[in-house]
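The next block holds one structure in the form of C-alpha cells; read it before the comments.
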Amino acid sequence: MTSFRLRVLCGAGLFALALGFTRSAFAQPVAQPGGARVGDRDATARVIKPPRIVKFVEAEYPPSEKETSKEATVVLSLGISETGAVVAVVVQESAGPAFDVAAVAAARQFIFEPAEVNGKLIPVKITYRYEFVIKHEMIKRSNSDFQGEVRDRTTKKPLSDVTVTLETGQHATTDAQGHFTIAEVTPGDHTVTLSGEGLTPTSTQETFEAGKKLDATYDVEIKANVPGDDDSDFEVVVTAPRIGRQVVSTEIPAEQGRKVPGTQGDVLKVVENLPGVARSAVGSGALVVWGAAPEDTQVFVEGIRIPRLYHDGGYRSVIHSDMVKSVELVPGGYGASYGRGIGGLVNVQLRPIPQDRVHGSVNVDIIDASASVSAPITDKLSAAVAFRRSHLDSVVKAVGSGDVADVVPLPKYYDGQARIVYQFNANETFELGGLLSSDNTDHTLLGADPADTKRESQALAFGRVYGRYEKKLPTGDTIVLTPSWGKNHSRITDRFGTTPTELTSDANVFGFRGTYRAQPEKWLGVSFGVDIDVMSSAFRRAGSVSSPAREGDVRVFGQAPSDQVNVDRWHSVVSSFAPFAEADVGLFDDKLHIVPGLRLEPYIIAVDKVTPVSGDVPPVGTTSEKTALEPRIAIRYQFSPRLTAKAAFGFYHQPPAGEDLSAVFGNPKLGLESAIHSLVGTAVKITDTLNAEVTAFYSGMSDLVSRSTAPTPLLAQALVQQGTGKSYGAQLLLRQEQIGRFFGWASYSLIRSVRTDAPGLDERLFDYDQTHVLTIVGSYDLGKGFEVGARCRYATGYPRTPVVGSFYSPRTDRFEPIFGRQNSERIPAFRQLDARIAKRFKIGATDAEVYLDVQNVTNHANAEEIVYSYDYKQKAYIKGLPTLPVLGFKWTF
Amino acid sequence: MDILIMRALRVCAVEIGILAFAIGISGCKPDLDERASELGAPVRVLAVQADPAEGVPGDAVTFRALVVDATGTEIEAPASSWGFCTARKSLAELGPVSPACYTAGSGALSPLGSGTSVQATLSSSACRDFGPEVPQSKPGEYGRPVDPDPTGGYYQPVTFVAMAGSDWVTAVETTRIACGLSGASSDDVITFRQRYHLNENPGVLRLRATDEDIEGESAPIAVTSGMRVTMTVEWPACPDVDVCGDGICGPDESQVTCTEDCAKPNGCMGAERYLVYDAEARGLVVHREAMSVSWFASAGSFDQERTGREADDPATSSDNIWQAPTTPRIVKGWVVLRDERGGTAWQPFVFDVR
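Those protein sequences? They're chains A and B, same order as listed.
By the count of the working numbering, the first sequence reaches residue 893 at its end, each step adding exactly one.
By the count of the working numbering, the second sequence reaches residue 354 at its end, each step adding exactly one.
Here you go:
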C-alpha cells in the first residue's frame, strides 16, 4: 500500500537573514556551530545564529494530485519574526496551485527558534524548500505496538541513533538497521517526533487503534544531504530591527491571538489579557494600562494614531484580524519615537499582503459578519480589503423579545480597511491605505414621568488615509515615511428627564511620521525622525458641567446629572512637531545595550474663545505654546543567553483634550500633563520556548486635569490643572511559546494607582485601580483539526465611593446620596473561566473553522456595578455576563 | 412530530442565547424591593412648597413641608427646623447642593425657624451666591456665575430637618429665585424683564379614582381588596396663545402690552408657558412646563412611582393604577403635583379597603 508523505529539506537552499543596519552581502563560512559570520563589508564580525525549526507541520499531499503520483518541490520564502512565528509565506518556485497551497498552509504553522545576531533576536527571511514525494506508507496492523524504520530519503539507507518520541514520553532509538519499536502505546492520536544528530526535529501525527499494530517507515532528510545547506549560502537581506525596542512590551502574533478564548477569533482583543492591563468593566472596552486613564493610552496602526482599539461595548476591535500581523502592548517606558501620551501604547502591525494568489475569508457569528480578500494584481502591485458589520441589534430585534432592544444598549458598528502595496523592488515599497470605523449606540428607557425618561445615544466614527513609503538603502539604512490624514467624529446625546448632555466633535487629523535608521558602527545603531500631529476640532456641548462624568467624580451608577446646564461651541487646534533621536549602543560583546533617546516637542494649542461669550461682546481666542523636552533611556544587560536585566526611565507629556478646552465646560488655557516612567525588570529564558519576565514600575504624574473644587471658580476655569498621581507595581509574564500543540501564558499584575486632585486634598484611589489582575491563557491542538483553549481571569474590583446616607430633594422628588470617603470601597472581585473549542476542516481546497467561544463557563455571578434603592438604604450589585456561548464560522481561502 | 419539537427547541435555544447575550450586555440589574411610593417610614417628607413659588431676592417666602408618618397621616413635627444654606456647590459636586447643606454642624446653615412651616426672606445676595451674577473673586478676576437649570431658573437651597420623636429626615429644598439672565444681550435682558413672569404653584384641579372624585381625607372611597384602581389627577389648562384680557399674563404679554392681565401677573396653575433664554441660539424662546406627579400610599402599590406630561404634551391630567392591598384596612395616600419650575401642590386621598 502506498500513500504520499511530505519530505522537507530542512534549512535548504538560500538562507535569507534579515539584519538591521547591515548591508546586503553573502555570509561567510560558519564560525561556530549554529552560528555564522555575516560577510558584509562592515559586519564581518557578526555572529549569526540562524533560526531553528521547533515545530514542523506536515503538509497534506494534495488529493487532486494523487492520481498523478508525481513528486513536486515548492520553494518558499518564509518571514520569521523575532518571536519565531512565521509571519509571511511567499511562493518563490511554484509546483502548481495544489502543491503551493498545501506547502504554504503547512509552513504558516511552523514555529522557529528565532534567529539571533550577536545574541539579539531578529526577524529573518529564509528560503524553505518543500518536497512532496511518494513513499511507501507505513503498514498498520492490528496491534498497539508501534514499530518502524527510519531511512535517509536520498540514499534510502537506514539511519541509526534517531530518536522517535511520542508526546506521552515514550521513546525509542533506531538501531543500526534503522528500526525502532515502542510497545504498549495507548490508542488515539499521538504526535511522533523524530530527532537526532544532523536532523531537524520533525513531527507527524499518527493514529493508534486498540489491538492494532502500527508499522511505519519514515524517510527523512539529513542536513548533509541538503544541497547548499552550508552557511556560505546564506543570503543577507537587510531588514532593520527597530531601534530602542521597548524594554517592556508584549507582542502577540496574530495566529496566537485569534485562538485565545474570549476573543472570538479577534486578534486585537488579546490585549485585554496581557500583563499590566486592568480588566475593563463588561461592555466598556476601556484600556487601562498600568493605572493610567483609558484616554492616556494611545493606539497606533503602523504608526498612525487612531482614537480607539475596540468598538462600543468592547466586543470587537476596529481592525479586521486578517489584516493584523501582530499586536504589541507597551505599558510604559517606551522610546522617543512615540509621545503625546502619559500612559501606555498599543501598536498594531499589519500583515504583509501575500503575493502568491488570492486569499480571503468570511467570518460570521452572533455579533457580526466580516470578510476580507487580498490578491496580487501584478507582480509588483497587490491589494487587500476587509470589512465588518455588526448585526447583533438586528438579531436581537428579530429573535429576542420585543423590548430587549429598547432597554439594552446594542451597538451598531462597522469597520473597513483597504490597502494597496506597490513594490518597486525588493527593498522599496509604497503602501496606500485607508482605515474606517463607525459606531452607533442608541438606548432609551422611557418613564411614565418625563423626568424619569433616560435617552442615551452615542456615535464615534473615524477614517484615516495613509501612505507608507519604505526604502532600504544599499548601505543598510532604512527610511520610512508615513503621512496620514483623517477625520474623527464623536457624538454623545443623553437626556435624563429634561436635563441634556450633548457633546459633539468633528476633527481633522493630520499626521506625519518619518524615520531614518542607520548603523554607522557595528556597536552603534541610530534612529532619528520627526513625528507631526495636528488636530483641528470643532465642538458643541450642552448640558451640565458635570456630565459626562470624569475620572474622579464622586457619584453612583445611574445618578441623575446636575440640572445646572449651559452650552458652548468652540474650535481648537492642538498641534505639535516633534523631532526625535535614539541610539542603540552595544557594549561588552553586545551584552549591554544602552538606548538613550531625546524627543523635543513644541506644542501649539489654540482655542477660539478664551472666555464664555457674554452679551454682544465678540469672542476672543487664545494661543499658547508649550514645549516638552523628553529625555528617555533604556538599558538592557544580558547576563547570560537566558538571563537579561533591563531598566528604563523617561519623561512623557500629553496635550489637553480638545473637549476640555471649552471656556464654559473646561479651561482654554490648559497645558500639558506630565509623567515620569521608571521601570526595572528581568527576563529569564527558562527553556527555549518558556520565558518569564518580571517588571516593576513607577509612574509619577503631575499637572493632571481635574474639576475645579472651588465653590466660586474663576471664569473659564471649570477644569484646573492641579492634579497629581502615581501608579506603581509589578507585573509578571510567564509565556510558553508554541511547543508541540500547546501555547499559553500567565500574566499577573500588582498595581496601585492613586490621584490627588488638588493640593491639600486627600490622596484617593484612581477610579480604575485594580490591585490584582491574573490572567491564564492556554490553547491546545487536539489533532484532526480540533483545538481547545481556556482563559481564567481574576481581577480586583474597581474602587467605588460608599454611600453613607441620603437626603431628600423635594424639588426633584429624589433622594440624593451622601458619600463617604472617596473610592474607599470596592466592587467584589471578578472571577471568570472562558473556554473555546474550534474545529478546522477542508472545503475543497479551502479551509473552514467552526468555533464555540463560551464566556463564563461556570456561570459565576460577577458583580459589575453597585446600585442602590431609591433612598440609598439598600445596596445591590449589577451582575455581569451569564454563561454566554458564541458560535462562529470562518471560511478561509 | 419529533422533528417539530426539535426545531422548536432549537429556536428556543437560539432565543435564550441571544437574550442571555442581550442581558449580558447591560448586566443583570437586581431588583431592589423598596419603592418610593410606599409609605412606611416613621417620618417622611413628601414635598416642600414655597409660596410664592419663585421670589425676588428680598421677598418674603413661606415654606411648608408635607411630612407624614408610616400611616400616611400628615404630622406637625414641631421640632423640625429650617435654615437657608449659604454654601454654593462646587463644579465637582454632582448633587444639587453643597455637602455643607446637609452636614450636621455645618456653619453654612442660617436658621429660619421650626415646625413644618416657616416664613423667611430671600437673601439680597441670593442671585450672586446662587444665580447669574458674577460672584466675588480676587481683584481683576471674574468668578463663574452659576449655570441655570433647563428652564432658566436659579435656586436657593433651604435645608429642612423633619423631626418626629427620635426619628428625623433631612430634606434640602431648592427654591426658585428670580435673577434675570446671564450672558444675554442688553435687548434680551430688557425683554426678559418685561415678559418673564414669576412662576406660580400649580393646583390640583381634580383627583379621581375609578371615575369617582376624591373629595379629601374626610370622604374615604370604598374599594375591594386587591382591586386595581385607576387614579387620575387633573390640573388647570393653560392657554396656548396669550390673549389680553383672559386674566392670565403669558410670556407674550407684559405690563406694557397688556396691563389688564399683567398689572399683577397671574398664572394659570397648570403647565404654564414661560420665557427662557436659549444660550446657543442667543435669543429668547417660549417653553411650556412639563408636569410631574408623585404618588404615595400607606399600603397597596402603584404601577408607577411617578407619572407626568412632557413639555410638548398639552394633556392636563395624568393617570396611575393603584392596586389595593389584599387585607381590609384604611389606606391613606398623597398626590404631589410639580411643575418644571419648582412649583408644588398636593392633595390627600383615603381608601377604605374592604
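Just so you know, even glycine gets a beta-carbon here, dropped at the ideal spot from N, CA and C.
The segment 55 to 114 of chain B contains, as complete beta strand (DSSP E) runs of 3+ residues, the segments 60 to 68, 81 to 85 and 109 to 114 (chain order). Within the segment 261 to 280 of chain B, the residues whose Cβ lies closer than 7 Å to any Cβ of chain A are, in chain order, 279 and 280. In the same chain as residue 59 of chain A, and ignoring 5 residues on each side of it, the C-beta atoms closer than 6 Å to its own belong to 6, 102, 103 and 106, in chain order. Residue environment for residue 349 of chain B: buried (at least 16 other C-beta atoms within 10 angstroms of its C-beta). Proximity of chain B to residue 545 of chain A at the Cβ level (cut-off 8 Å) is accounted for by 91 and 147, in chain order. Against chain B, a Cβ distance below 8 Å from residue 564 of chain A picks out 146, 147, 148 and 149. With a 10 Å radius around the Cβ and a threshold of 16 neighbouring Cβ atoms, residue 314 of chain B comes out exposed.
Residue 159 of chain B: not part of any alpha helix (DSSP H); member of the beta strand (DSSP E) spanning 154 to 164, first to last residue. For the segment 45 to 65 of chain B, the beta-carbon criterion of a distance under 9 Å to any beta-carbon of chain A is satisfied by 45, 46, 47, 48, 49 and 65.
From the beta-carbon of residue 818 of chain A, the residues of chain B found nearer than 7 Å are 102. Residue 270 of chain B is positioned such that its CB atom lies closer than 8 Å to that of residue 237 of chain B. Excluding its 5 nearest sequence neighbours in each direction, residue 480 of chain A has C-beta neighbours in its own chain below 6 Å: 470 and 515, listed in chain order. Under DSSP, residue 126 of chain A shares a beta bridge with A:78. One finds 712 in chain A with Cβ atoms closer than 7 Å to the Cβ of residue 135 of chain B, taken in chain order. Residue 489 of chain A and residue 539 of chain A have their C-alpha atoms some 10 Å from each other. Here residue 173 of chain A is not near residue 190 of chain A, since their CB atoms are 8 Å or more apart. Residue 197 of chain B is classed as buried because its beta carbon has at least 16 other beta carbons within 10 Å across all chains shown. In this chain, the alpha helix (DSSP H) harbouring residue 99 of chain A covers 97 to 107. Fewer than three beta-carbon pairs drawn from the segment 861 to 873 of chain A and the segment 324 to 335 of chain A are found closer than 8 Å, and the two stretches are therefore not classed as touching.
In this structure, residue 842 of chain A sits away from residue 849 of chain A, with a CB-CB distance that is not shorter than 8 Å. Think of a sphere of 9 Å around the beta carbon of residue 171 of chain B: the chain A residues whose beta carbon falls inside it are 807, 808, 809 and 810, in chain order. The beta-carbon separation of residue 85 of chain B and residue 170 of chain B, rounded to 11 Å, does not stay under the 8 Å limit for a contact. In this structure the segment 298 to 307 of chain B does not lie against the segment 262 to 279 of chain B, because fewer than three pairs of beta carbons, one per stretch, are closer than 8 Å. Per DSSP, residue 792 of chain A lies in no alpha helix (DSSP H); the unbroken beta strand (DSSP E) holding it starts and ends at 786 to 795. Comparing alpha carbon positions, the residue from A:681, A:560, A:643 and A:65 closest to residue 809 of chain A is A:560.
Uninterrupted beta strand (DSSP E) stretches at least 3 residues long and entirely within the segment 745 to 786 of chain A occur at 772 to 783, given in chain order.
With the criterion set as a beta carbon lying under 9 Å from some beta carbon of chain B, the members of the segment 602 to 624 of chain A are 611, 612, 613, 614, 615 and 616, in sequence order.
Contact between the segment 691 to 703 of chain A and the segment 590 to 604 of chain A is not established, with fewer than three Cβ pairs separated by less than 8 Å. With three or more CB-CB distances shorter than 8 Å, the segment 430 to 441 of chain A counts as touching the segment 458 to 469 of chain A.
Going by C-alpha positions, residue 544 of chain A is about 28 Å away from residue 876 of chain A. Segment contact: the segment 387 to 396 of chain A against the segment 364 to 371 of chain A, three or more CB-CB distances shorter than 8 Å; contact assigned. Below 8 Å, enough C-beta pairs join the segment 258 to 276 of chain A and the segment 310 to 319 of chain A to call them touching: three or more. Chain B places a beta carbon closer than 8 Å to that of residue 715 of chain A, counting this residue as a contact. Within its own chain, the residues whose Cβ lies closer than 6 Å to the Cβ of residue 609 of chain A, once the five positions on either side in sequence are excluded, are 570, 619 and 663, listed in chain order.
At least one CB of chain B lies nearer than 8 Å to the CB of residue 499 of chain A. Identification of chain A residues near residue 191 of chain B by a Cβ-Cβ cut-off of 8 Å yields none; the smallest Cβ-Cβ distance measures about 14 Å.
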